[in-house]
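A.B. asks:
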Amino acid sequence: MESISVRNWPIGTTSIDPQGRDDESYPQQLVGIRQWLAALPQSSAILSFENNELSIIDGNERFLKAVRESQEKGAVGAQMAIELRDRIAKFVPTNRQSDSFEIRRDGKLGPEYFMCTIGRLPAVEGQPEYYLVTATDRTSERTIEKNLRRELLSDGLTALPNRTGFGEDIDDRLSNETWPESAQFGIIAIDLSRFSRVNESLGPMAGDELLITVAKRLKSSLRQGDVLARIGGNDFAIFARLNNGLSDALHIVQRIKESLSSPIRLSDLQIRVDCAIGCALSTSLDSDPDDIVRKAQAAVKIAKRSGKVEIYRNGVLKEAQRRFSIESRLRDALAQGGLTLAYQPLIHLQTGEITGFEALARWDDPELGNVSPVEFIAVAEESGLITSLGRWAAYEAAQALSRWDSKFGQPLSVGVNVNLSPIQMARDDVASMFEESLRYSGIAGARLTAEVTESAIVADPDKARKLLFALKDLQMPIAMDDFGTGFSNLASLHSLPIDILKIDRSFVSNMIEDRDKQVIVRTILSLAESLNLRVTAEGIETQELALALQKLGCWQGQGYHFARPMTEADAFDYWRARWNFETV
Ligand code: C2E
Ligand code: MG
Ligand code: MG
67 MESISVRNWP IGTTSIDPQG RDDESYPQQL VGIRQWLAAL PQSSAILSFE NNELSIIDGN
127 ERFLKAVRES QEKGAVGAQM AIELRDRIAK FVPTNRQSDS FEIRRDGKLG PEYFMCTIGR
187 LPAVEGQPEY YLVTATDRTS ERTIEKNLRR ELLSDGLTAL PNRTGFGEDI DDRLSNETWP
247 ESAQFGIIAI DLSRFSRVNE SLGPMAGDEL LITVAKRLKS SLRQGDVLAR IGGNDFAIFA
307 RLNNGLSDAL HIVQRIKESL SSPIRLSDLQ IRVDCAIGCA LSTSLDSDPD DIVRKAQAAV
367 KIAKRSGKVE IYRNGVLKEA QRRFSIESRL RDALAQGGLT LAYQPLIHLQ TGEITGFEAL
427 ARWDDPELGN VSPVEFIAVA EESGLITSLG RWAAYEAAQA LSRWDSKFGQ PLSVGVNVNL
487 SPIQMARDDV ASMFEESLRY SGIAGARLTA EVTESAIVAD PDKARKLLFA LKDLQMPIAM
547 DDFGTGFSNL ASLHSLPIDI LKIDRSFVSN MIEDRDKQVI VRTILSLAES LNLRVTAEGI
607 ETQELALALQ KLGCWQGQGY HFARPMTEAD AFDYWRARWN FETV
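Numbering (my numbering), first residue to last: 67 to 650.
1. Helix, strand or coil for G311? Go by DSSP, reduced to three states.
2. I'd like to know whether the C-beta atoms of Q465 and S507 end up nearer to each other than 7 angstroms.
3. Would G163 and R128 qualify as a contact pair, given that the criterion is a beta-carbon distance under 7 angstroms?
4. Since F442 sits in a beta bridge, which residues does DSSP pair it with?
5. Which of helix, strand or coil does DSSP assign to P329?
6. Evaluate G125 with the Cβ neighbour count: other Cβ atoms within 10 Å of its Cβ, from every protein chain shown; 16 or more gives buried, anything less gives exposed.
7. Just grab the DSSP bridge partners of M632 for me.
8. With a 10 Å radius around its C-beta and 16 neighbouring C-beta atoms as the bar for buried, classify S81 as buried or exposed.
9. Is E447 near ligand 3, with its Cβ less than 6 angstroms from a heavy atom?
10. Going by the beta-carbon positions, is the gap between Y197 and L113 smaller than 7 angstroms?
11. For L651, tell me which candidate among L591, R428, I586, P411 has the shortest Cα-Cα distance.
12. Would I70 be called buried (16 or more neighbouring beta carbons within 10 Å of its own) or exposed?
13. Hey, which unbroken runs of the beta strand (DSSP E) at 3 residues or more fall wholly within the stretch 521-569?
14. Considering just the uninterrupted stretch of the beta strand (DSSP E) at T244, what are its terminal residues?
15. Mind checking whether the beta-carbon of D495 lies closer than 6 angstroms to any heavy atom of ligand 3?
16. Give a single yes or no on whether D237 has its beta carbon closer than 6 angstroms to a heavy atom of ligand 3.
17. Can you tell me which residues form a DSSP beta bridge with D124?
18. For E520, verify whether its CB is less than 6 angstroms away from any heavy atom of ligand 3.
19. Excluding the 5 residues preceding and the 5 following I123 in the sequence, name in chain order all residues of the same chain whose CB lies nearer than 7 angstroms to its CB.
20. Take I236 and list the residues in its own chain whose beta-carbon comes closer than 6 angstroms to its own, dropping the five residues that flank it on each side.
21. Is it buried or exposed, G481, if we count other Cβ atoms within 10 angstroms and call 16 or more buried?
22. Output the boundary residues of the beta strand (DSSP E) element that contains R186.
23. Starting from I509 and walking both ways along the alpha helix (DSSP H), at which residues does that stretch end?
24. Among Q476, I452, Q320, which has the Cα closest to the Cα of L486?
25. To which residues does DSSP link C345 through a beta bridge?
26. If we define contact as Cβ-Cβ less than 7 angstroms, is D639 a contact residue for chain B?
27. One question on the structure: do I337 and I330 come within less than 7 angstroms of each other, judged by their Cβ atoms?
28. What separation, rounded to the nearest whole angstrom, lies between the Cα atoms of H739 and N300?
29. My parser needs the beta strand (DSSP E) runs of 3 or more residues fully inside the stretch 570-627; what are they?
30. Within 10 angstroms of its Cβ, does L335 collect 16 or more other Cβ (buried), or is it exposed?
31. Would you say E433 touches ligand 1, meaning its beta carbon is less than 6 angstroms from a heavy atom?
32. Based on DSSP bridge pairs, tell me the residues matched to S164.
33. Determine the burial state of G450: buried for a count of at least 16 other Cβ atoms within 10 Å of its Cβ, exposed for fewer.
34. How far does the alpha helix (DSSP H) with L268 in it extend, from its first residue to its last?
35. Find out if the Cβ-Cβ distance for the pair Y409, A637 is shorter than 7 angstroms.
36. Per DSSP, E424 is paired with what?
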């Protein structure tokens, strides 16, 4: 065993005072070095290491002061001396000329760090080897580093770990805690659904306040040992140890829901927080946490659409990957004119006339093939591409009308319906979009109908109202699409400038067999009559349905029985072949 001796260490104060040292015994080759030692700005000393004993031969004032302090600290100081000795003992037998290392000791105000170097002094025959040791205090640099690192790993707003910090915390829990063999862990991803609307309508300060409150509430639903993080703008995630698999995870989900169930007060508003929740479970403790986080995020994406808590299943990630490739291909398609509009005739049920066409987006991608609008519109909404897609559709529909007019030599007696997404209505200036479409194409506003959905109105009634009135200023008719599937307030229908209700296909297509559906259709028709609205029935697939709806006094119909959506050129031919003498 090596020991710390001896002449100087650990030692009484007097014996380490260089003044008290007998000059006779001072190694001759070190005499010249003494001044250099005194001149060094950091703690420095010359040590010898003989017979496993470390001795201080000489040290500058800083070094000796540090040694004295160590001694006053007792065990803590000795700890540092022992560590230094062990390092030097390891260095001595190597052939290296120098070495450097860091030593940590507990100081009054927390840990202190010293960067130490050790170098061999030239050997002299018959003399022990001597080493020059220096120690530089690096405590303040290390503290700054630590603070920076903390900032790097945490979210400044909520003080929760961020995505990187989350990963580190998980690794830490998995490697430093004892877990039973059968334990699993789960990631619960939470997405605040309406957060961007709060930001848009109440401003970012309110958004921040909301996030802080939600973070606090989520924290209250954690059990000991669970980790909550903010892994994205409005995305939170929880790492949870699961002793009973899925049922533990669902238990936590239940607590999360309860914690967010009461409204949050923001200035003078009460906001109800909606969230989508997705979970993914590890198969064992060896599962890659990053992978589980990704899976939980894939599940939450599905939950955003389904409105239910979703647990990751194997196909889900594939679906997320498909959505990702749809998004990037769609971006290209929009930039390169890869989309087209198909036109489906709208038929006047009493006269059989073609009153117009609904413009429906179509996308045949070279790699993905034919992608259904139901799929790519959802991706466009989620990714924000919907604003450029919507603008393209409005310009294109108006241009198609003007091309038909010039082909025919005069304006056709038909209009075109353009679909608007609620997200597009929230994010884009839709009124000026239509104003431009009409101006660029020279089409009268009365020939371009906007199809809006109930959800757009429910989401932000004031904004929707302003927009609809602006469209009326352009003389545009307004249709409420998919009517009956949303939760619109009938009173708002009355006060909004809506002209047409389009009864959703789900009520129409099997109404002959289903009496309940028939009752709904009749109710909508009489509601429309009292509100002075016209009604279009969607999804008419048979003549029997067309006749039944005609009898009920429905104004207009659309469906495969009349025609499927078709190209711009076919739609023109369809119209020209039938205008004037069509019967239902
Ligand atoms: P929507 O606006 O309700 O359009 C009617 C949908 O019903 C169309 O589906 C149409 O092809 C389909 N359809 C029409 N008649 C029948 C029928 O008799 N039977 C059946 N089974 N289906 C019929 P499509 O083209 O797949 O479009 C689906 C949805 O995608 C549209 O529903 C609309 O919400 C959305 N969409 C399409 N193009 C656009 C667009 O340019 N912008 C926006 N925001 N949404 C669009
Ligand atoms: Mg529509
Ligand atoms: Mg519809």
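C-beta: ideal position from N, C-alpha, C; glycine also. Values in this document were obtained by computation on a predicted structure and should not be read as measured data.
C.D. replies: Let me spell this out:
1. helix
2. yes
3. Per the sequence shown, residue 163 should be read as Gln rather than Gly. For Q163 and R128, no; Cβs fall outside 7 angstroms.
4. Per DSSP, none; premise fails for F442.
5. coil
6. buried
7. Y409
8. No answer about S81 holds up, because its pLDDT of 37 lies below 50 and its placement is not dependable.
9. no
10. yes
11. Coverage of the chain is limited to positions 67 through 650, which leaves residue 651 absent and any answer about it impossible.
12. Only weak support is given to the placement of I70: the predicted model assigns it a pLDDT of 41, under 50, and the value that follows is read from those uncertain coordinates. With 16 or more Cβ atoms within 10 Å of its Cβ, I70 is classed as buried.
13. 544-549, 566-569
14. Per DSSP, T244 belongs to no beta strand (DSSP E) and is neither H nor E.
15. no
16. no
17. I112
18. no
19. P93, L96, I112, L113, S114, Y196
20. F305, P355
21. buried
22. 176-186
23. Careful: I509 lies outside any alpha helix (DSSP H) and carries neither H nor E.
24. I452
25. I254, I377
26. Absent from the structure is chain B; it holds one protein chain and no more.
27. yes
28. Here the chain covers residues 67 to 650 and nothing more, so residue 739 does not appear.
29. 600-603
30. exposed
31. no
32. G185
33. exposed
34. 261-268
35. yes
36. Q410, N483
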